[in-house]
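In full-length UniProt numbering, the protein residues as written are 1 to 290.
The beta carbon of each residue, even a glycine, is placed where N, CA and C say it ideally should be.
Report on one structure; see the data block that follows.
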């Protein structure tokens, strides 16, 4: 990493103080890098350093993530996330933005792009269309009441759960490496340093709110999401890792919902964090697209 980095800023959304980093170059076109679930804005540092020469790069922390505030009521449902993203774009004050988003961040951003298609110039979505049709069908088959009860039980457990503590930053680093075997030592160390905070007793914990381990049991019906997907008009690039658990929309039928003819690229030897796993190819593809 270079010695210098971005500046930290914050904005207010639904009474929460949310954090973002600004990589400078304010006269350049604005580009938002949105991270995914249980991640943080500094996971984009390698990408941001490359793009900051030509773009005004902004990387926000989602509510409950990184250096953003935790929701007091544990509200991490999709409408709240989408509102926060819309509030960021409103606060920045640009007529149009370009977005690169990963996983949960991609799901949030896709809905924003469908709600405000005129606000987005181009959109790169990295494995961020949400659960596959097969997974959604499995969840539906479990029954509404069963899912509701399960959510209440898990929510109750989350309320009493203390964030996991690691005795040292090295122990947290080892857990990061265990989670994603594709990461280099440098990547894993950087992600750990920015993704963990030191507790008063000298231990370390991840910055994200433990309530994020209990995802809301119900989303809007797929036809509502399809309505937003069909409203997207900007050029759109969908990226998938061949070794990821995420379902490729070219194969599961979801690509047909979009009317703006998005392009899908699959990366070999890459998992869910393909922008880390195949960094050089990722940068080449998005540079060509942007």
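(1) Would you check if there are 3 or more beta carbon pairs closer than 8 Å linking the segment 9 to 16 to the segment 81 to 101?
(2) Tell me the DSSP secondary structure of residue 232 in three-state form.
(3) If I measure Cβ to Cβ from residue 285 and keep anything under 8 Å in the same chain, skipping five residues before and after, which residues do I get?
(4) Tell me which residue opens and which closes the beta strand (DSSP E) that residue 162 is part of.
(5) Within its chain, find whatever has a CB closer than 7 Å to the CB of residue 40; leave out the 5 residues flanking it on each side and keep chain order.
(6) Would you identify the three-state DSSP class for residue 241, choosing helix, strand or coil?
(7) Specify the secondary structure class of residue 20 as computed by DSSP and reduced to three states.
(8) Whole alpha helix (DSSP H) runs in the segment 109 to 142 with 4 or more residues, listed along the chain?
(9) For residue 4, is the classification buried or exposed, using 16 other Cβ atoms within 10 angstroms of its Cβ as the cut-off for buried?
(10) Pull up the distance between the alpha-carbon of residue 202 and that of residue 261, whole angstroms please.
(11) Expressed to the nearest angstrom, what Euclidean distance is found between the alpha-carbon atoms of residue 110 and residue 270?
(12) Are the beta-carbon atoms belonging to residue 124 and residue 289 less than 8 Å from one another?
(13) Kindly list the residues whose CB is nearer than 8 Å to the CB of residue 58, restricted to its own chain and excluding five residues on each side of it in sequence; keep chain order.
(14) I think residue 168 touches residue 217, with their Cβ atoms under 8 Å apart; what is that distance to the nearest whole Å?
(15) Within this structure, are the beta carbons of residue 158 and residue 199 separated by less than 8 Å?
(16) Can the beta-carbon of residue 127 be found less than 8 Å from the beta-carbon of residue 37?
(17) Quick one: grab the DSSP three-state call for residue 107.
(18) Within 10 Å of its beta-carbon, does residue 148 have 16 or more other beta-carbons around it, so buried, or fewer, so exposed?
(19) Straight-line CA distance for residue 136 to residue 253?
(20) Rounded to whole angstroms, what is the Cα-Cα separation between residue 142 and residue 215?
(21) Report the partner residues of residue 6 according to the DSSP bridge assignment.
(22) Tell me which residues share the same chain as residue 17 and place their Cβ nearer than 6 Å to its Cβ, disregarding the 5 neighbours each side in the sequence.
(23) Please report the residue range of the beta strand (DSSP E) in which residue 192 lies.
(24) What span of residues does the alpha helix (DSSP H) with residue 87 cover, start to end?
(25) Would you mind sorting residue 53 into buried or exposed? The rule is 16 or more other CB atoms within 10 Å of its CB.
(26) Who pairs with residue 60 in a beta bridge, going by DSSP?
(27) Could you check whether the Cβ of residue 5 sits closer than 7 Å to any heavy atom belonging to the ligand COA?
Inspection of the coordinates gives the following:
(1) The segment 9 to 16, when compared against the segment 81 to 101, does touch it at the 8 Å Cβ threshold.
(2) The residue labelled residue 232 in the question sits at position 232 within the chain shown. DSSP places residue 232 in coil when its eight states are reduced to three.
(3) Counted from its first residue, the chain shown places residue 285 at position 285. Counting only Cβ-Cβ distances below 8 Å, and skipping sequence neighbours, we find 237, 239 and 265.
(4) What you label residue 162 is simply residue 162 of the chain shown in a count that begins at 1. Taken as a continuous stretch (DSSP letters only), residue 162 belongs to no beta strand (DSSP E), as it is neither H nor E.
(5) Start at 1 with the first residue of the chain shown, and residue 40 comes out as number 40. Here the set comprises 61, 65, 66, 194, 195 and 207.
(6) Here residue 241 refers to the residue found at position 241 when the chain shown is read from its first residue. Residue state, collapsed to three classes: strand.
(7) By 1-based counting over the chain shown, the position of residue 20 is 20. Three-state result, residue 20: strand.
(8) 133 to 141
(9) The residue labelled residue 4 in the question sits at position 4 within the chain shown. Label assigned to residue 4: exposed.
(10) Taking the chain shown and counting its residues from 1, one reaches residue 202 at position 202. Taking the chain shown and counting its residues from 1, one reaches residue 261 at position 261. When rounded, the distance between both Cα atoms is 52 Å.
(11) In the chain shown, residue 110 corresponds to position 110, counting from 1. In the chain shown, residue 270 corresponds to position 270, counting from 1. Whole-angstrom Cα-Cα distance: 22 Å.
(12) For the purposes of this step, residue 124 is identified with residue 124 of the chain shown, where counting begins at 1. For the purposes of this step, residue 289 is identified with residue 289 of the chain shown, where counting begins at 1. Against a cut-off of 8 Å, the Cβ pair of residue 289 and residue 124 comes out as a contact.
(13) The residue given as residue 58 occupies position 58 in the chain shown. So the list reads 20, 21, 22, 23, 30, 31, 32, 33, 88 and 92, once near-sequence residues are dropped.
(14) On the chain shown, position 168 is the one that residue 168 refers to. On the chain shown, position 217 is the one that residue 217 refers to. The Cβ separation is near 36 Å, so there is no contact.
(15) As a first step, residue 158 is located in the chain shown; it is residue number 158 there, counting from the start. As a first step, residue 199 is located in the chain shown; it is residue number 199 there, counting from the start. No.
(16) Position 127 of the chain shown, counted from the first residue, corresponds to residue 127. Position 37 of the chain shown, counted from the first residue, corresponds to residue 37. Contact: no.
(17) Here residue 107 corresponds to residue number 107 of the chain shown, with the count starting at 1. Of the three classes helix, strand and coil, the one that applies to residue 107 here is helix, per DSSP.
(18) One-based indexing of the chain shown puts residue 148 at position 148. Exposed.
(19) In the chain shown, residue 136 corresponds to position 136, counting from 1. In the chain shown, residue 253 corresponds to position 253, counting from 1. Approximately 13 Å between the Cα atoms of the pair.
(20) One-based indexing of the chain shown puts residue 142 at position 142. One-based indexing of the chain shown puts residue 215 at position 215. It is roughly 16 Å from the alpha-carbon of residue 142 to the alpha-carbon of residue 215.
(21) As a working note, residue 6 is residue 6 in the chain shown. Answer is none; residue 6 lacks a bridge partner.
(22) Position 17 of the chain shown, counting from 1, holds the residue named residue 17. Closer than 6 Å at the Cβ level, and outside the excluded window around residue 17, lie 10 and 69.
(23) Counting from 1 along the chain shown, the entry for residue 192 is found at position 192. Here residue 192 belongs to no beta strand (DSSP E); instead the alpha helix (DSSP H) covers 185 to 195.
(24) Start at 1 with the first residue of the chain shown, and residue 87 comes out as number 87. Note, residue 87: alpha helix (DSSP H), 78 to 92.
(25) Residue 53 sits at position 53 when you count from the first residue of the chain shown. Exposed, because fewer than 16 other Cβ atoms sit within 10 Å of the Cβ of residue 53.
(26) As a first step, residue 60 is located in the chain shown; it is residue number 60 there, counting from the start. Partner(s): 20.
(27) Looking at this structure, you won't find the ligand COA or any other ligand, since it has none at all.
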